[in-house]
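In my numbering, the protein residues as written are 2 to 365.
Backbone N, C-alpha and C define an ideal beta-carbon position, used for all residues, glycine too.
Structure, as structure tokens:
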């Protein structure tokens, strides 16, 4: 499953620094002027999962394969982007291809790093970015509404549904609300997907703060500064610290974090939050050739999970042998889980859960 998350925000909020830290590279220019990122930088990162190491100690595979996420560093957005200001049109086209949005908002104070509006105001900055996305969506909805009105005159059910949805969206967006917060019916799901709205994409908010503020971060205070509701996901990160840690080994970086009072890196929190945002979970396969993590949506059936490995496996699915990582480790591998009754035989209707290890049986 290929997943892509777009990193967005105003210029000079730390997007490119964060991208470089995430990807452990210097692909993105991180300079003190607007639009230092023009073409989007794309980086693929492995999703850390200690369960892979646990499985590897039992199986001793030739290789370990992690799940991956692509992060895209997109040019800074400014007021008027929806009408082409700055690099607005390029920005909007790049973000449409992403599965989710990570909006970086600057909390740190630094007189040496210019802010496009002259001062730090997290709620204002968030609203500028979100407003431009909403305005772009309004243009999309208005175009589709014109076509849907004409189509609805024929009485075609799909066009009637789309017309009514676009009318509701038009009012909702015009009031300054992102499309993802509009309640929709099951009948409207397909019509909403066909619109490809920017504000319909799952969104999390990255608070880029100073090192001191990161160690004593209070989510409730940050939520208030951003003007966000309790259901929005907030991830605190000190992008500068994360970038500085790139120069050290994993062991050294861990020691430095401990000395700073940091229990978990901001990047680990970001990856975990991205999975939560997109409703994803991991299952595993384990054998002599490889131990591998696979990504599926929550509540995926066994055939759907098999289809992630190979599309033909979903159609030719017969059954699955399934156990949990904890049992696999406890009973020392496949033989042990079979002997102790911890291995289940699952059919087509069975759901795959986070932490399941699977062997899929498929037809020829």
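Quick one: what does DSSP say residue i is sitting in, helix, strand or coil?
i	result
residue 301	coil
residue 194	helix
residue 49	coil
residue 121	coil
residue 344	coil
residue 70	strand
residue 148	helix
residue 98	coil
residue 64	strand
residue 379	Given that the chain is displayed from residue 2 to residue 365, the structure contains no residue 379 and the question cannot be resolved.
residue 14	coil
residue 359	strand
residue 143	helix
residue 228	coil
residue 296	strand
residue 320	strand
residue 6	strand
residue 58	helix
residue 333	coil
residue 113	coil
residue 206	strand
residue 30	Only weak support is given to the placement of residue 30: the predicted model assigns it a pLDDT of 44, under 50, and the value that follows is read from those uncertain coordinates. If DSSP states are grouped into helix, strand and coil, residue 30 belongs with coil.
residue 39	Residue confidence for residue 39 is low, a pLDDT of 47 falling below 50, so the modelled location carries little weight; the figure read from the coordinates is stated next. If DSSP states are grouped into helix, strand and coil, residue 39 belongs with coil.
residue 201	helix
residue 183	coil
How big is the Cα-Cα spacing for residue i and residue j?
i	j	result
residue 272	residue 71	11 Å
residue 29	residue 123	Residue placement at residue 29 is poorly supported in this model, since its pLDDT is 43, which falls under 50; the coordinates still yield a value, given next. Using only the alpha carbons, I get a separation of about 23 Å.
residue 241	residue 337	47 Å
residue 275	residue 102	9 Å
residue 33	residue 325	In this prediction, residue 33 scores a pLDDT of 39, lower than 50, which makes its location untrustworthy; the coordinate-derived value is nonetheless stated afterwards. Straight-line Cα distance between these residues: approximately 49 Å.
residue 176	residue 154	28 Å
residue 355	residue 283	5 Å
residue 285	residue 116	45 Å
residue 258	residue 264	7 Å
residue 107	residue 209	5 Å
residue 112	residue 14	13 Å
residue 252	residue 339	37 Å
residue 4	residue 342	36 Å
residue 49	residue 16	22 Å
residue 150	residue 126	36 Å
residue 1	residue 318	Examination of residue 1 is not possible in this model, given that the chain is present from 2 through 365 alone.
residue 234	residue 278	8 Å
residue 152	residue 164	8 Å
residue 129	residue 196	22 Å
residue 189	residue 169	11 Å
residue 357	residue 344	10 Å
residue 159	residue 191	9 Å
residue 364	residue 310	15 Å
residue 254	residue 18	17 Å
residue 47	residue 98	20 Å
Can you check whether the CB of residue j is closer than 8 Å to the CB of residue i?
i	j	result
residue 205	residue 161	no
residue 199	residue 93	yes
residue 331	residue 362	no
residue 296	residue 68	yes
residue 43	residue 96	no
residue 23	residue 227	no
Which residues in the same chain as residue i place their Cβ atom closer than 8 Å to its Cβ, once the five residues preceding and following it in sequence are excluded?
i	result
residue 185	166 and 193
residue 65	53, 54, 57, 291, 292 and 293
residue 289	60, 61, 62 and 63
residue 261	212, 216 and 242
residue 174	135, 138, 139, 142, 180 and 200
Skipping 5 residues on each side, what residues in its chain have a beta carbon closer than 6 Å to that of residue i?
i	result
residue 134	199 and 200
residue 211	109
residue 266	none
residue 60	287 and 292
residue 207	103, 105, 236 and 238
residue 120	none
Excluding the five sequence neighbours on either side, which residues of its own chain have a C-beta within less than 7 Å of the C-beta of residue i, listed in chain order?
i	result
residue 298	280 and 281
residue 45	69 and 71
Using a Cβ-Cβ cut-off of 8 Å, state whether residue i counts as contacting chain E.
i	result
residue 294	Among the protein chains of the structure shown there is no chain E, as only one such chain exists.
Query - Sufficient close CB pairs (3 or more, under 8 Å) joining the stretch 139 to 151 to the stretch 243 to 260 - result: At 8 Å Cβ cutoff, the stretches do not touch.
*Would you be able to state if there are at least three C-beta pairs under 8 Å between the stretch 302 to 311 and the stretch 345 to 353?*
Contact between the stretch 345 to 353 and the stretch 302 to 311 is present: three or more C-beta pairs spanning the two stretches fall below 8 Å.
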